Each structure stands twice: as C-alpha cells, then as structure tokens.
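Numbering (the UniProt record's numbering), first residue to last: 1 to 676.
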C-alpha cells in the first residue's frame, strides 16, 4: 500500500498534473478532493470529463465515471469485487476504492488515452430494430457502419506507418536523393534538347512522340475500361439469369392461381391492412404517446434517491390495492345476477383480445415468412452461383438417385462403346493423315499444272463457290422453316390471348373498380401521412428548440449558482478576516494593558521571548553536558567494573555457603552411622 501511494504521489507531481503532494498531504485529502483528483486524471485521459464535480450531482458523476471505466475495461480489485460496493465507494470517495483506481490509471495513461480516443469512434450506437424498418434510418445506419470500418482501416494504416520506423532524417535523405536525381534528369533533358535542335523538323517529331505517348496511355485506359466492362457484363448476365429464374418461378406460381383465389387473397390483405390502420396502429400510437409523455415528465423531474423510489413503490402498491377494492365493489354493485349484458361484454372483450393476439401473430408470421423467403432466395442465388442448379427436395433427390443408377449402367455400356470407337478412331485418324498427305501432294501437282496452263487458283475458287452456294441453300431452308413456325406460333398466341381476354373481362372490370378504390384510399392515406409528418416535424422542431433553450437556461442557472456560492464563501472569509483585524487593532491601540495582552502581536512577542529564554537554557545545559560527558563516561565505566566485581564476590560467597552446607550434611550422616 505504501509503494502504491508513493507511485501515485510521484506521478501526480509530474507533468501534466503538478500537484506538489507528499505522502502526508495526499493521505489527508478529503473525499470530495479525492473525487476531483480522480476526475482530473480521467479528464487527462478523455478531455470530455474535464469538469468540476461541484457543478453536477453525485449520481451523475458516478454514472459518468463508471461509463468511462467500462470503456477503459477497468476491473475492481478483489477487496471490492462487489459492483454495488465499488459504486458506493466511488460515490462517497472512499480511499480503498479511489487509491487502486488512481494507481491503475496512472500506470497506463498513454494506453488508456488511445483507448478513450478510439472509443469515441468505435463504440457502436445501438439502434432499435423497429427504427431500422425505416429506409432512411437503415441507409444512415449502413453508412455509419461503413464509416466505422473505414476509420478502423485508416487507424491500422496509421499505426503501421508509426511502427514502420520512417524517421525525419531518412525522409530528408530521400528528398535530397530525389532532388539530385531531378537535377541529373534536368541536365540530361537539356543535353537531349541540344542534340535534337540540330535535327530537321525536330518540333514535328516531338509532337508526334507526345501524341504517341498520349495514344499509348489512352490505349491502356481503354484496355482497363474494356476489362471493367467485361466484368460488369459478366455480373449483369448473372443477374439476368437470376431474374429469369425468378420470373419463371413467378409465372409458374401465377399459372396455377385462379381469379377467385386472387380476389379472396386481396380481400384478406385489405381487411388486415384496414384493421391495422383503423384499430391497431392508433391504439399503439396512443400508448406510445402516453409513454413518451410519462418519460418526459420523469426526465423533467429532479433525480431521485433510493428512499424516494421505495416510497413511490409503496404508494403505487397502495393505489393498486385501492383500485382493486373499488373494482370489486363496483362489480358487486352494478352487476346483478340476472344481467345478460355482462356475458356479452365478456365475450366481446375476449374476442377483441383474441383478435388483437391473432393480428399480432399474423403480422409476426408474415414478417417471419418474408424473412424466410429472403433467406431461401439468397440461398438459391448462392446455389445458382456455385453449382448452376436449383436445390433439390427429398422426392426430387430420390428420383435423381434412381436416374443416376440407370445412367450408371448406361454409362458402363457407353464406356465400352467409347473404347471400341476410340480404337476405330485411331485407325481412322491414321487413314485421315494418309489421305491428307495424298491430298496435299495432289493439290501441289494441281497448282503446278494450273500455273503451267496460266489459270492459277481456279480449283480453290471453284470450291469456295460450291461451299458458299451450299451454305446459302441451307440458310434459305432455315429461314423458310422459321417463318412457318413463327406464323403458326402467332396464330396460337392470338387465339390464346383472345380466350384469356374473354375469360378475364369481368375480373378485370371488378379489378379496375378495386384499383380505383385502392388509389383513393392510398391518396387519402398519403395526405394523412403528410399531415402527420408535417405536424410531427413542427412539434419536434419546437420541442428541440425548447429543449435547447431549457438546457441553456439550466447551464446558465448552474453557472450563476456556482458563482454565487463562490462569492458568498469569499465574502464570509473576508468578513471573518476583517473582524479579526478590527479586534486586533482595537486590542493593540487600547490603553488597558489587559486588553493589550490579548492582542495577537503581544502574544506572539511573549511566545518569542519565552522560546528565546528556553533556547538559552537548553544551550547552557548542552554546554554543561558536553563538559561533563568525559568524566561521566569514565565514572560510568568504573561503576560497571565495580558492579562486576561485586557480582563476582556474590557468586563466590554463594559457592562457599553451598560447600559448607554439603560438609555439614556429610558430618551429620557419619554421626548417624556411628549411632547405629
């Protein structure tokens, strides 16, 4: 404990604290002074905590310090492992709590400064899940997380640069080396310019060289853009494939549905949405407004202690008991046994509660279903990206296994056939090589003959013409078939469209009416929402303005109160000093000697004279002691020798007495034997 206090005092006497403490003065600090000292150390670590604790409540000070200690990851020692005891000791300024905390903070100040600095940017602000449903809040939260990650990366790079060991001397050497290289390059460029000036059209050649360099740079940028566009095209094709698969799935789902089922589903959704808008959401909004009003009321009230909370809890219990008694009396008074309405009221309340519960369950089930659909879509897209195929169900997997077994037997048969075909392919390949060699020899002979006859290239041209005519005939046949197929397909599509139009005409008519009604309701909902948003924004702006004004007034009031208390204390101190000075002056100028003796000056004069007389007496006594020190020491030595001599004589006398007693006993024993 002493070493700990010694370390704390040494650190506090150094920069930046400079407290000029010693062990006695530090140990004699009161609890408020200890708390202010701890707050100063925390303010050095985090400048936000450099405040005067007299300007805030003890609970606020403890809460602020505990939050910072939690960020700094401080763990209380074993003697105060109980968190409540540690918190109580922190509030009261207990030395067994404050001293180990100061020792821990002063040991690792630089490390804790870094941790507090990082905590300002890396302690994540938790946003409730219901607020993240808003797209704007979700986007801002996403940007916040991205900025946090960017800050982490930048801080890591900064730390790496600090550790890399680049000093200013090395940077200066690098700069000087680069300047030397720059001078050499300038001289080299000047020499080259002088050489080029002697060449004809050197300006034009320089311009051409510059254009060549620009074109090369442009070529590199175009190649890079081409590569980026290729990657974008690849990603776009992947997105297109996924969209086509989703479109196919949706078309399959729509093909199996009927207009009646669609209309029924729309009616259910409209009923559910109208219930949410007309009944559930207004009740929830009212409850939220009531809770916000209560919370604002609680915030506006001053801070409560544990005794106040206990009193409020007991009062709440009493009020609840009175309410229960009043409800029982009312039920006994206004509910006769033959009343039929009570049963219906109970049934209606039960049904309404069930309806609310089912609506909440339905909403939760819809959210869960949408979440699961997103997961399924994400997993299917991952499967498409990895394997290029859909995920199989259990029945499809069994069918796939059966097909795989049949294909395995077929594979073995085909493998034997492939082996036979491979052997035959080797023979045919060898035959092809021989025929190619013979064809090349014949072609060479034919070219020689054509050159002799003066019609070189005739055979090649004839072959090309035959090939082009064959390809043209094939394309014509394909075009004819394609046109026939397209005409048949158009006829079928027209028939199908006419049939679908006839069947969907009444449904479309009803759907138009519903769409019109839906548009009206949507428009009305948008108008109400705009009114609500404008009203909420106005109230929020006025509330924030009032909060800022109240905050400023509270701060001004606290500052003025602190100034008043300080001035009042100074005034009282000066009044006491002035009163003492008046009494001293009155006693000093009084003609009465008794009054003069009461003056502080006279008292101090008497005390000084007494101390001077006492000093003279002590100096005389010291002189006498010094003069008599030698003879006294010699006399003391003589007395010690005399004491030893007397002790030796006493021992000899005792031994002589013991021997005389033994001889007497022996003589008495001899006499006894003679008598016998």
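All C-beta atoms in this analysis are idealised placements derived from N, C-alpha and C, irrespective of residue type, glycine included.
If you're wondering where the values come from, they're calculated on a predicted model, not measured in any experiment.
Boundaries of the alpha helix (DSSP H) around residue 115: 109-122. At the C-beta level, residue 102 and residue 72 stay beyond 7 angstroms of one another. Assigned with DSSP and collapsed to three states, residue 22 falls in coil, not helix or strand.
Rounded to the nearest whole angstrom, the CA to CA distance from residue 36 to residue 56 is 12 angstroms. Three or more Cβ pairs closer than 8 angstroms define a contact, and the stretch 1-18 meets that threshold against the stretch 91-109. CA-to-CA, the gap between residue 18 and residue 8 works out to about 12 angstroms. Taken through DSSP and simplified to helix, strand or coil, residue 127 comes out as coil. Taking C-alpha positions only, residue 41 is separated from residue 53 by approximately 13 angstroms. Classified as buried, residue 49 has 16 or more neighbouring CB atoms from the shown chains inside 10 Å of its CB. An exposed status is given to residue 125, since fewer than 16 other beta-carbon atoms sit within 10 Å of its beta-carbon. In this structure residue 12 is not in contact with residue 98, their Cβ atoms being roughly 13 angstroms apart against a cut-off of 8 angstroms. Between residue 201 and residue 228, the alpha-carbon positions lie close to 41 angstroms from each other. Rounded to whole angstroms, the gap between the alpha carbons of residue 150 and residue 172 is 31 angstroms. DSSP places residue 201 outside any alpha helix (DSSP H), giving it a letter other than H or E. By the C-beta density criterion, residue 209 is exposed, having fewer than 16 other C-beta atoms within 10 angstroms. Under the three-state reduction of DSSP output, residue 15 falls in the coil class, being neither helix nor strand. Distance from residue 365 to residue 280 at the Cβ level is roughly 15 angstroms; contact not present, criterion being Cβ atoms closer than 8 angstroms. For secondary structure counted as the alpha helix (DSSP H) over 4 or more consecutive residues, the stretch 233-314 holds these complete runs in sequence order: 259-275 and 281-300. Rounded to the nearest whole angstrom, the CA to CA distance from residue 368 to residue 406 is 41 angstroms. For residue 58, the enclosing alpha helix (DSSP H) begins and ends at 58-71. Take the alpha-carbon of residue 28 and the one of residue 89: they are about 17 angstroms apart. In the three-state reduction of the DSSP assignment, residue 51 falls in the coil class. Residue 32 sits away from residue 62, with the two beta carbons spaced by 7 angstroms or more. In this structure residue 46 is in contact with residue 68, their Cβ atoms being roughly 6 angstroms apart against a cut-off of 8 angstroms. As the crow flies, the alpha-carbon of residue 432 is around 14 angstroms from that of residue 441.
With fewer than 16 other CB atoms across the displayed protein chains lying within 10 angstroms of its CB, residue 631 is exposed.
Secondary structure of residue 28 (DSSP, three-state): coil. By the neighbour-count definition (other C-beta atoms within 10 Å, threshold 16), residue 144 is an exposed residue. The C-alpha of residue 131 is placed about 21 angstroms away from the C-alpha of residue 294. For residue 378, the closest C-alpha among the options 64, 478 and 239 is that of 239. Following the DSSP letters along the chain, one finds residue 75 in no alpha helix (DSSP H), marked with neither H nor E. Boundaries of the alpha helix (DSSP H) harbouring residue 89: 83-92, taken from the DSSP string. Counting along the chain, residue 622 sits inside the alpha helix (DSSP H) bounded by residues 600-627. With respect to the 7 angstroms criterion, residue 599 and residue 581 are not classified as neighbours on the basis of their beta carbons.
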